[in-house]
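Novice: Under the working numbering, the residues of the sequence shown are numbered 965 to 1315, in order.
Here a beta-carbon is modelled for each residue, glycine too, at the ideal position from N, C-alpha and C.
Note that this is a predicted model, so its numbers are computed, not measured.
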Amino acid sequence: MNRGLRLYLVGIVVPAAAVLGAVLGLPRTPSDPVLAAVLVSIGVLAANFPVMIRKNYKVDATPAIDLALVVLFPAATAVALVGLVRFLGDGTLCLRRNPNTGKRRRRPIDLLFNTSQMILSAAAAAIIYRGALTTGPLADGAGAVVAAIAAAAAMYVTTTTLVVIAVAMMSGRSPVQVWLEAAAVEWKLTAAMYAAGYVLAIVSASHAWVALVMLAPLAGLQLAMKRAVQMRDQTIAAVESMADVVDMRDPYTGQHSKSVAEHSVRIARQMHLAESEVELIRLAARVHDLGKIAVPDEVLHKQGRLTDEEFAIMKLHPATGAEILAKFPEYRRGRELVLAHHERIDGRGYP
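1) In this structure, does DSSP put V1209 in helix, strand or coil?
2) Helix, strand or coil: how does DSSP classify V978 here?
3) Report the residue from L1075, W1151, H1220, V1163 whose alpha carbon sits nearest the alpha carbon of V1316.
4) Going by the CB atoms, is the gap between L1179 and V1023 shorter than 7 angstroms?
5) Using the Cα positions of V1167 and R1137, report the straight-line distance between them to the nearest angstrom.
6) Which runs of the alpha helix (DSSP H), 4 residues or longer, sit entirely within the stretch 994–1037?
7) Short of 6 angstroms in beta carbon distance, which residues of its chain neighbour S1228, apart from the five on each side in sequence? Order them along the chain.
8) Can you say whether M1212 is buried or exposed, counting buried as having 16 or more other CB atoms within 10 angstroms of its CB?
9) Strictly by DSSP, which residues pair up with R1312?
10) Let me check understanding here. Comparing Cα to Cα, which of A1147, K1256, Q1198 lies closest to F1292?
11) Between H1220 and D1253, which are expected to be in contact by the criterion C-beta below 8 angstroms, what is the C-beta distance as a whole number of angstroms?
12) Rounded to whole angstroms, what's the CA-CA distance from V1035 to I1231? Just pull it up for me.
13) Quick one: is M1195 buried, meaning 16 or more other Cβ sit within 10 Å of its Cβ, or exposed?
14) Within the continuous alpha helix (DSSP H) that includes Y1295, where are the two ends?
15) According to the neighbour-count rule (16 or more other Cβ atoms, all chains shown, within 10 Å of its Cβ), is H1171 buried or exposed?
16) Would you identify the three-state DSSP class for R1061, choosing helix, strand or coil?
17) Using only the alpha-carbon positions, how far apart do G1053 and R1070 sit?
18) Flag this pair as yes or no: are the beta carbons of A1039 and R1094 separated by less than 7 angstroms?
19) Only counting the same chain, and skipping five residues up and downstream in sequence, which positions put a Cβ closer than 6 angstroms to that of R1060?
20) If we count the other Cβ atoms within 10 Å of its Cβ and call it buried at 16 or more, is P1101 buried or exposed?
21) Taking the DSSP output, what are the residues bridged to R1191?
22) Compute the Euclidean distance between the alpha carbons of V1174 and K1067, then round it to the nearest angstrom.
23) With a 10 Å radius around its C-beta and 16 neighbouring C-beta atoms as the bar for buried, classify L1327 as buried or exposed.
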């Protein structure tokens, strides 16, 4: 870790420690310890089962628990409980190892940073939520909903900003670029989690045991995300397998698609493109010759120069590939790159 990152970490941890010390020093407000224990337990459980929605991006159900705590408990208590959820959740991940790599799922420094940034995010959300309400929590339907939306926005903006700055410092990329990339991937899922958290707060406000019932829809939401990611990955794997079959048909271009994908990624990263754009280019490059599946063997394997008629057949393969990819949402943008991969800057390419 370089000096700048160390200073940034100190700049997050010190204010978080000050906030935590302040809230723990406040007079205790009566609250439901059973409900607190149930929600914290659910949050710790959720933190241990994240879903990898894309490379370097994981999502879990903890935002739902965080917002529910802010809505249900006095500000000081909510901040302490949100910090506890993150500390215990990441703490258990520090003790677990990835079975494939043997590495710990969380480093102690990640535990320190994540807990600190969640304390600050919860403080911002709790202040806004309590400030937006003129009566007790959940007392006024419309007012409480507006306050909860404002609190969720504050929590999301604070959390994302603190993480984005750290990622930008580590990667050397623009914070704005990192922010836009992160928002494009996760904001809808996070919004769904916050909505689930508000529903959780409403139904469990009177009886702690109802929170346990909400485990089912929360688990269902997380399972749905996992299934969607699995379907996406399986679709991509199937399409790439078809591209490999095309490469195997032509010994001259064996492994060609994989090589093009590797070189394309290197060039894209050298150009400092966003990781989302790098992945888009990689996906398209990996299957760019898929359309050759419709090219006859006598044309594909011909030694020497193609006739005009044969070359006309060969020139159809970008459009054929793009037409095949149009059936898959995963290639909605990448198909345009596949269609244009034989275009030239002088206009003499095809199709």
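Specialist: Considering the structure as presented:
1) It is helical.
2) The three-state reading of DSSP puts V978 in helix, counting H, G and I together.
3) Past the edges of the chain, shown from 965 to 1315, lies residue 1316, and the structure says nothing about it.
4) No, these two residues do not count as a Cβ contact at 7 angstroms.
5) When rounded, the distance between both Cα atoms is 43 angstroms.
6) Fully enclosed alpha helix (DSSP H) runs of 4 or longer: 997–1011, 1026–1036.
7) Spatial neighbours of S1228 in its own chain (CB-CB distance under 6 angstroms, excluding positions within 5 residues in sequence) are listed in chain order as I1245, A1249.
8) Exposed.
9) R1312 pairs with nothing; no bridge assigned.
10) Relative to the Cα of F1292, the nearest Cα in the group A1147, K1256, Q1198 belongs to Q1198.
11) The C-beta distance from H1220 to D1253 rounds to 7 angstroms, short enough to fall under 8 angstroms.
12) Using only the alpha carbons, I get a separation of about 48 angstroms.
13) Classification of M1195: exposed, given that the 10 Å Cβ count is below 16.
14) Here Y1295 belongs to no alpha helix (DSSP H), and DSSP marks it neither H nor E.
15) Burial is judged here by how many other beta carbons sit within 10 angstroms of a residue's own beta carbon; H1171 has fewer than 16 and is exposed.
16) It is a strand residue.
17) In a straight line, the C-alpha of G1053 is about 10 angstroms away from that of R1070.
18) Closer than 7 angstroms, so yes.
19) Cβ neighbours of R1060 beyond the five flanking positions: R1069.
20) Below a pLDDT of 50, predicted positions are generally treated as unreliable, and P1101, at 49, falls in that range; no measurement from the model is reported.
21) Beta-bridge pairing links R1191 to no other residue.
22) Spanning the alpha carbons of V1174 and K1067 requires a straight line of approximately 37 angstroms.
23) Only positions 965 to 1315 of the chain appear in the structure, and residue 1327 is not among them; the question remains open.
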